[in-house]
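Trainee:
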Amino acid sequence: MVKLRLFAKIFACGIFICSCGIYLSGISLVTQRRVSNRDHGVDVSSTAPPEKPQLCTHKQRIKGVESACKQHGELQWHNSSQVSISSFPNLLVDDKHQLLYCGFPKAASTSWLKHFVRASGKWEKGQMSIRGKGIERYGFKHLHSLPEKEARDRLQTYRKMVVVRHPLDRLVSAWRDKLVMKDSPYRKTIGKNIIRKFRGSYNEGDLASFDEFANFVAIGFSNQHWATFRSCKPCLVRCDYISRTETVEQDSGDIMAVLGLGDHLPAIHAHRSAGLHYMETDLWQFENVSRAIYDKLLGIYQADMDIFGYGFNFSQKTAYCSLQKFTGDDCC
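Okay, here's the thing in structure tokens:
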């Protein structure tokens with residue numbers, strides 16, 4: 001009987017010790033998470049971060065753009081008359097909805113274009129691509145293709161929308177889809193050139209690593225799939241709507257309602273990294289990217305990151321979304 005009581009006491013003590021260990025481990029993990037987020041400039045509540053980010057309103061996002069543009073004087077213009085219409089290569093005109101739309105590859109822009117086409121009633125079942133020269137058959141026009149007066153009238157009176165994505169996450173997506181995917185033509189052209197440049201020779205089947213691709217971009221090789229958002233002239237053309245790839249599902253509802261696109265259209269989805277719609281995500285692809293190369297990339301993309309509320313913690317390889325830097329709004 002005595003042995004049984006002794007065993008019971010030992011067992012109870014063991015449970016207590018294990019419980020304390022689990023509790024303290026939990027505190028440690030939460031503390032680490034707090035420190036991590038403070039490093040990112042993100043203010044986190046007393047426990048774990050919320051499962052979903054606090055979404056910025058369009059007014060908050062516009063305020064973020066305006067505040068950041070004041071810090072980037074090189075991107076500011078006094079008025080749109082100073083800029084040639086031909087300098088808006090990515091600006092599309094949707095006359096039906098009186099909308100000017102600026103989007104880029106790897107930023108959910110195709111998803112939005114398909115919605116506009118469906119709303120116009122010109123969507124063809126099984127249609128895969130609506131980009132390129134054939135886009136005008138769906139009712140879109142390039143602003144620079146219009147007569148000067150018509151283009152400037154639309155620039156002044158139409159509502160404007162831009163779709164953005166974290167530039168470094170977009171860079172990772174471009175590498176993965178264009179240089180890693182087996183059937184991509186970029187793999188046999190740009191990918192081959194990258195390998196020859198940094199390894200001296202190419203062998204059939206070789207893949208360009210992400211750090212090689214990052215180096216390639218850093219030294220000045222541009223392409224529409226990883227170009228900056230500057231051709232949208234965000235510091236000149238005041239957007240009415242800013243949609244993020246990271247939050248496109250949440251953004252799409254109110255934008256479609258305001259534009260009169262209707263509730264009958266399917267929800268917009270985007271291919272993206274799994275974490276940024278939770279405020280932050282790890283970009284492990286940057287693990288082998290040197291600080292020197294990263295700094296060169298910042299020289300290319302820092303303005304985009306500032307203007308649209310993105311950041312990156314290089315030591316932790318973590319991309320995040322917050323307007324806190326320029327407006328104090330901790331939202332995405």
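Residue 211 in UniProt numbering sits at position 211 of the sequence shown, with consecutive numbering throughout. Idealized CB from N, CA, C, for every residue including glycine.
Got a sec, what are the start and stop residues for the alpha helix (DSSP H) T190 sits in?
Mentor: Here residue 190 refers to the residue found at position 190 of the sequence shown. Note that residue 190 is Ile in the sequence shown here, rather than Thr. Segment 190 to 199, the alpha helix (DSSP H) holding I190.
Trainee: DSSP state of G311, grouped into three classes?
Mentor: Numbered from 1 along the sequence shown, position 311 holds the residue referred to as residue 311. Note: G311 maps to strand in three-state DSSP.
Trainee: For T247 and V162, I'd like the C-alpha separation in whole angstroms.
Mentor: Against the sequence shown, residue 247 aligns to sequence position 247. Against the sequence shown, residue 162 aligns to sequence position 162. One C-alpha to the other measures close to 13 angstroms.
Trainee: Which residues in the same chain as L55 place their Cβ atom closer than 7 angstroms to its Cβ, once the five residues preceding and following it in sequence are excluded?
Mentor: Reading the sequence shown from its first residue, position 55 is the one you call residue 55. If we look at L55 and ignore the five residues flanking it on each side, its Cβ neighbours are T247, Q250, C331, C332.
Trainee: Going by Cα to Cα distance, which pick from K233, L146, Q316, F308 is closest to T245?
Mentor: Looking up residue 245 in the sequence shown gives position 245. Closest option to T245, Cα to Cα, is F308.
Trainee: What ranges does the beta strand (DSSP E) occupy inside the stretch 156 to 195, keeping only unbroken runs of at least 3 residues that lie completely in it?
Mentor: For the stretch 156 to 195, whole beta strand (DSSP E) runs of length 3 or above, ordered along the chain, are 159 to 164.
Trainee: Give the secondary structure of V248 by DSSP, where H, G and I count as helix, E and B as strand, and everything else as coil.
Mentor: Taking the first residue of the sequence shown as position 1, residue 248 is located at position 248. In this structure, V248 counts as helix in the three-state DSSP scheme.
Trainee: On the DSSP bridge list, what partners appear for Y320?
Mentor: Looking up residue 320 in the sequence shown gives position 320. According to DSSP, Y320 bridges with E280, G311.
Trainee: Sorted by chain position, which residues of the same chain lie with C-beta nearer than 8 angstroms to V35's C-beta, five sequence neighbours on each side aside?
Mentor: On the sequence shown, residue 35 is found 35 positions in, with the first residue counted as 1. Any answer about V35 is weak, because its pLDDT of 33 lies below 50 and its placement is not dependable; what the coordinates show is given next. Nothing meets the Cβ criterion.
Trainee: Taking only three categories from DSSP, how would you classify D330?
Mentor: For the purposes of this step, residue 330 is taken as residue 330 along the sequence shown, with counting starting at 1. D330 falls in the coil class under three-state DSSP.
Trainee: Output the boundary residues of the alpha helix (DSSP H) element that contains C102.
Mentor: Taking the sequence shown and counting its residues from 1, the one referred to as residue 102 is at position 102. It is not in any alpha helix (DSSP H) - C102 instead sits in the beta strand (DSSP E) that spans 99 to 102.
Trainee: Buried or exposed: where does T57 fall if 16 or more other Cβ atoms within 10 Å of its Cβ makes it buried?
Mentor: As a position in the sequence shown, residue 57 is number 57, starting the count at 1. By the neighbour-count rule (16 or more Cβ atoms within 10 Å), T57 is not buried but exposed.
Trainee: Just to confirm before moving on: does the CB-CB distance between L259 and R154 stay below 9 angstroms?
Mentor: To locate residue 259, count along the sequence shown from 1; it is residue 259. To locate residue 154, count along the sequence shown from 1; it is residue 154. Not closer than 9 angstroms, so no.
Trainee: According to DSSP, is residue 338 part of a helix, a strand, or is it coil?
Mentor: Nothing about residue 338 can be reported from this structure: the residues present for the chain run from 1 to 332 only.
Trainee: When you compare only the Cα positions, how much space is there between T318 and V83?
Mentor: The residue you call residue 318 lines up with position 318 of the sequence shown. The residue you call residue 83 lines up with position 83 of the sequence shown. In a straight line, the C-alpha of T318 is about 36 angstroms away from that of V83.
Trainee: Report the option in Q156, L298, E212, R61 whose CA atom is closest to the CA atom of P167.
Mentor: Taking the first residue of the sequence shown as 1, we reach residue 167 at position 167. With distances taken between Cα atoms, P167 lies closest to L298.
Trainee: Look at the Cβ atom of F210, then the Cβ atom of F104, and state whether they are nearer than 9 angstroms.
Mentor: On the sequence shown, position 210 is the one that residue 210 refers to. On the sequence shown, position 104 is the one that residue 104 refers to. No, they are not a contact pair.
Trainee: Enumerate in chain order the residues of its own chain whose CB-to-CB distance from Y241 is below 6 angstroms, with the five nearest sequence positions on each side excluded.
Mentor: Indexing the sequence shown from 1 puts residue 241 at position 241. H58, M161, I255, listed in sequence order.
Trainee: Could you pull out every residue in the same chain whose Cβ sits closer than 7 angstroms to the Cβ of S67, ignoring the five residues on either side in sequence?
Mentor: What you label residue 67 is simply residue 67 of the sequence shown in a count that begins at 1. Closer than 7 angstroms at the Cβ level, and outside the excluded window around S67, lie F326, T327.
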